[in-house]
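Q: Here it is, the structure, as structure tokens.
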Ligand code: SF4
Ligand code: SF4
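Residue numbers (this note's numbering), protein chains in the order written: chain A, -9 to 174; chain B, 588 to 944.
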């Protein structure tokens, strides 16, 4: 019998304790952050989408080789004499045309390993983390600043230059051989 | 009265009756449901230190309007193995049951749908339709979760009807009337005359009654809470175990009907509790209309107080919902049969004896 009334008392008492707590929380300011309008400040060394500053890239392929998931694809073409590619910001002379620089962010695991080996510090992490896409192909980012025609042009230029050089070489090789023949 | 007014205006009893009957739905239940759903989400949010809906309109005030539009556009899905007839009737029945209760609820001294002498018993009887509707919905859905939810709901409503009726009986014995209008009229003037403070007659019995009236109020509040399936008595729609109980299979407008019925029910039981114990539509401090001698102001004030009391109790229901965890089935039955019913009986006896003296 005593337990019976005790139960009733505890039930009512604990309900009121709980209600007091919830009522107090009604007036505590909400901790919600209205995400797309208000964004939390990101930590200093956060790792998000990569960016490549192509003005500084010398096409050395070191980032691609460092990547554990091989999501960076680089193709380069040598420049021909007379072409001036300019210098990087830390004074290195650029000699390669970068005709392909694709990073597949669907594969990238944001490990930042590609960032450290870069000799010119032109590949780095940005603070962009909202880049979802409906198609996986759209996650392949092309960083090359040249237009597709220019890339073709550079390749052709180089091939032509090489062909010319090969022809010149062949001509140079043949010429000395023929001369002694005539003499003898 | 409103009905006579429309009768004179249109000269036809049918049109007048039709308009008078749809009045509470259009001017009261729908807006109330819209506001209550938003209130519920806001209260829930702020009690958990969140914000609740914030996107549609200023601080999300148009959220429920958007939700209703979404529900209206939704496809009305009927699964292949459903019992089509029962499946379609069930939401109508549930809504009709809770809407019919509003007929006997006095909104102001000038408006009551039907001023029947057995008002309070009519309400209890007609809300019984809801149980039938819920069972139908659960059975016709052909879904084990729905059926389980419906059976739990029926068991719960039936067993909690007993303490409710016992407390109503106490009040009927004390006031000598079952007409909600008269019941409210008895508790007029100041809040000291409310039934929770022992009724309008000033005597020793009044003071003796106060503790027992408070007990009676607690019992009826708890049991009506169970009857409308609110937490902590929400096992019929326990989201975590039964998906959402008897209306799992419903979509679109039919789901909206269940939802509307649930919120209409919440207000109906709150209105009954306030009519029984807290003076119904009466103001606790007297009327401005009396002081200023403007007669038409009084019903407006009464409507305000009635809504205020109703919404207050609805708020307490929400408050409890976000405070208490859900009861187990056996605990639910224990609470009703071992605690509420015996106490209600003893309370009935004591109040009877005190009233006799
Ligand atoms: S962050 Fe890691 S995975 Fe992504 S490109 Fe760089 S090395 Fe590859
Ligand atoms: S390591 Fe730096 S410079 Fe070398 S290819 Fe990558 S981005 Fe370009």
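Ideal Cβ positions, reconstructed from N, Cα and C, are used throughout, including at glycine.
1) Alpha carbon to alpha carbon, how far is residue 905 (chain B) from residue 761 (chain B)? Give it in angstroms, no decimals.
2) Does the Cβ-Cβ distance between residue 767 (chain B) and residue 885 (chain B) come in under 9 Å?
3) Check whether the segment 22 to 30 of chain A and the segment 85 to 95 of chain A are in contact - that is, three or more C-beta pairs closer than 8 Å.
4) Find the residues of chain B that neighbour residue 59 (chain A), judging by a C-beta separation of less than 7 Å, and give them in chain order.
5) Relative to the alpha-carbon of residue 931 (chain B), which residue among B:677, B:803, B:646, B:790 has its alpha-carbon at the smallest distance?
6) Just confirm the distance between the C-beta atoms of residue 861 (chain B) and residue 839 (chain B), as a whole number of angstroms; I'd bet it's less than 8 Å.
7) Could one say the Cβ of residue 81 (chain A) lies closer than 9 Å to chain B's Cβ atoms, at least one of them?
8) For residue 163 (chain A), does the three-state DSSP call read helix, strand or coil?
9) Taking C-beta to C-beta, are residue 669 (chain B) and residue 835 (chain B) nearer than 9 Å?
10) For a contact defined as C-beta to C-beta under 9 Å, what are the partners of residue 13 (chain A) on chain B?
11) Quick one: which residues of the segment 916 to 935 of chain B get their C-beta closer than 7 Å to a C-beta of chain E? List them in chain order.
12) Ordered along the chain, which non-local residues of its own chain (more than five positions away) have a Cβ less than 6 Å from that of residue 878 (chain B)?
13) Report the three-state DSSP secondary structure of residue 174 (chain A) (helix, strand or coil).
14) Quick one: is residue 937 (chain B) near chain A, going by C-beta distance under 9 Å?
15) Alpha carbons only, please: which of A:61, A:77, A:144, A:67 is nearest the one belonging to residue 132 (chain A)?
16) Looking only at its chain, what residues have a beta carbon closer than 7 Å to the beta carbon of residue 920 (chain B), apart from the 5 residues adjacent to it on each side?
17) If you measure from the CB of residue 52 (chain A), is any heavy atom of ligand 2 nearer than 8 Å?
18) What is the DSSP secondary structure of residue 881 (chain B), counted as helix, strand or coil?
19) Count the other C-beta atoms from every protein chain shown that fall within 10 angstroms of the C-beta of residue 80 (chain A), then say buried if there are 16 or more, exposed otherwise.
20) Ignore the nearest five residues each way along the sequence and tell me which others in residue 559 (chain B)'s own chain have a CB closer than 7 Å to its CB.
21) Quick one: Cα of residue 938 (chain B) to Cα of residue 888 (chain B), how far?
22) Threshold first: 3 residues or longer. Then list the beta strand (DSSP E) segments lying entirely within the segment 758 to 817 of chain B, N to C.
23) Report whether the distance from the Cβ of residue 107 (chain A) to the nearest heavy atom of ligand 2 is below 8 Å.
24) Do residue 737 (chain B) and residue 723 (chain B) have their beta-carbon atoms positioned less than 9 Å apart in this structure?
25) Can you have a look at residue -6 (chain A) and say buried or exposed, based on whether 16 or more other CB atoms are within 10 angstroms of its CB?
26) What are the start and end residues of each continuous alpha helix (DSSP H) run of 4 or more residues lying completely inside the segment 672 to 714 of chain B, in chain order?
27) I want to see whether chain B comes within less than 9 Å of residue 22 (chain A), judged by CB atoms only; does it?
28) Verify the contact flag: residue 618 (chain B), CB atom, against every heavy atom of ligand 1, threshold strictly below 8 Å.
29) From residue 859 (chain B) to residue 671 (chain B), what does the alpha carbon distance come to, in whole angstroms?
30) Classify residue 54 (chain A) as buried or exposed, calling it buried when 16 or more other Cβ atoms lie within 10 Å of its own Cβ.
31) Between the alpha carbons of residue 648 (chain B) and residue 640 (chain B), how many angstroms are there, rounded?
32) Along chain B, which residues have their Cβ under 8 Å away from the Cβ of residue 30 (chain A)?
33) So with Cβ pairs under 9 Å, would you call residue -4 (chain A) a contact of chain B?
34) Do you know how far the Cα of residue 657 (chain B) is from the Cα of residue 891 (chain B)?
35) Considering only DSSP beta bridges, list what residue 64 (chain A) is partnered with.
36) Please report the residue range of the alpha helix (DSSP H) in which residue 42 (chain A) lies.
A: The structure says:
1) The residue you call residue 761 (chain B) lines up with position 174 of the second chain. The residue you call residue 905 (chain B) lines up with position 318 of the second chain. Each residue's alpha carbon lies about 30 Å from the other.
2) In the second chain, residue 767 (chain B) corresponds to position 180, counting from 1. In the second chain, residue 885 (chain B) corresponds to position 298, counting from 1. Result no, Cβ atoms of residue 767 (chain B) and residue 885 (chain B) do not sit closer than 9 Å.
3) no
4) Position 69 of the first chain, counted from the start, is the residue given in the question as residue 59 (chain A). What residue 59 (chain A) touches in chain B: nothing, since even the nearest Cβ is about 38 Å away.
5) For the purposes of this step, residue 931 (chain B) is taken as the residue at position 344 of the second chain. Of B:677, B:803, B:646, B:790, the residue nearest in Cα terms is B:803.
6) Mapped onto the second chain, residue 861 (chain B) falls at position 274. Mapped onto the second chain, residue 839 (chain B) falls at position 252. Not a contact, Cβ separation roughly 34 Å.
7) Against the first chain, residue 81 (chain A) aligns to sequence position 91. No, no contact with chain B.
8) Sequence index remark: in the first chain, residue 163 (chain A) carries index 173 (1-based). Helix at residue 163 (chain A).
9) Sequence index remark: in the second chain, residue 669 (chain B) carries index 82 (1-based). Sequence index remark: in the second chain, residue 835 (chain B) carries index 248 (1-based). No.
10) By one-based count along the first chain, residue 13 (chain A) stands at place 23. 634, 906, 910, listed in chain order.
11) Among the protein chains in the structure shown, which are A and B, there is no chain E.
12) The sequence position of residue 878 (chain B) within the second chain is 291, counting from 1. The answer is none, since no qualifying residue turns up.
13) Start at 1 with the first residue of the first chain, and residue 174 (chain A) comes out as number 184. Its pLDDT being 47, under 50, residue 174 (chain A) is placed unreliably in this model, and the coordinates cannot settle the point.
14) Here residue 937 (chain B) refers to the residue found at position 350 of the second chain. Cβ-Cβ to chain A under 9 Å: no for residue 937 (chain B).
15) As a first step, residue 132 (chain A) must be located in the first chain, where it is residue number 142. When each option's Cα is compared against that of residue 132 (chain A), the closest is A:61.
16) Counted from its first residue, the second chain places residue 920 (chain B) at position 333. Cβ neighbours of residue 920 (chain B) beyond the five flanking positions: 746.
17) Position 62 of the first chain holds residue 52 (chain A). It does: the Cβ of residue 52 (chain A) is within 8 Å (strictly closer) of some heavy atom of ligand 2.
18) What you label residue 881 (chain B) is simply residue 294 of the second chain in a count that begins at 1. Of the three classes helix, strand and coil, the one that applies to residue 881 (chain B) here is coil, per DSSP.
19) Residue mapping note: residue 80 (chain A) aligns to position 90 of the first chain, counting from 1. By the neighbour-count rule (16 or more Cβ atoms within 10 Å), residue 80 (chain A) is not buried but exposed.
20) In the structure as shown, chain B starts at 588 and stops at 944, and residue 559 (chain B) therefore has no counterpart that could be examined.
21) For this step, residue 938 (chain B) is matched to residue 351 along the second chain. For this step, residue 888 (chain B) is matched to residue 301 along the second chain. C-alpha separation (whole angstroms): 32 Å.
22) none
23) To locate residue 107 (chain A), count along the first chain from 1; it is residue 117. Yes, the beta carbon of residue 107 (chain A) sits closer than 8 Å to at least one heavy atom of ligand 2.
24) Within the second chain, residue 723 (chain B) is the residue found at index 136, counting from 1. Within the second chain, residue 737 (chain B) is the residue found at index 150, counting from 1. Yes, they are a contact pair.
25) Position 4 of the first chain, counted from the first residue, corresponds to residue -6 (chain A). Exposed is the call here.
26) 706 to 713
27) Here residue 22 (chain A) corresponds to residue number 32 of the first chain, with the count starting at 1. It does; some Cβ of chain B falls within 9 Å.
28) Walking along the second chain from the start, residue 618 (chain B) turns up at place 31. Not so, every heavy atom of ligand 1 lies at least 8 Å from the Cβ.
29) Start at 1 with the first residue of the second chain, and residue 859 (chain B) comes out as number 272. Start at 1 with the first residue of the second chain, and residue 671 (chain B) comes out as number 84. Cα to Cα, the separation comes out at about 35 Å.
30) The sequence position of residue 54 (chain A) within the first chain is 64, counting from 1. Buried is the call here.
31) In the second chain, counting from the first residue as 1, residue 648 (chain B) sits at position 61. In the second chain, counting from the first residue as 1, residue 640 (chain B) sits at position 53. Cα to Cα, residue 648 (chain B) sits roughly 8 Å from residue 640 (chain B).
32) Sequence index remark: in the first chain, residue 30 (chain A) carries index 40 (1-based). Neighbours of residue 30 (chain A) on chain B: none; closest Cβ ~16 Å, over 8 Å.
33) In the first chain, residue -4 (chain A) corresponds to position 6, counting from 1. Output row for residue -4 (chain A): interface = no.
34) To locate residue 891 (chain B), count along the second chain from 1; it is residue 304. To locate residue 657 (chain B), count along the second chain from 1; it is residue 70. Spanning the two alpha carbons is a distance of roughly 31 Å.
35) As a working note, residue 64 (chain A) is residue 74 in the first chain. Answer by DSSP bridge pairing, in chain order: A:91.
36) As a position in the first chain, residue 42 (chain A) is number 52, starting the count at 1. Where residue 42 (chain A) is concerned, there is no enclosing alpha helix (DSSP H), although the beta strand (DSSP E) it sits in stretches over 40 to 42.
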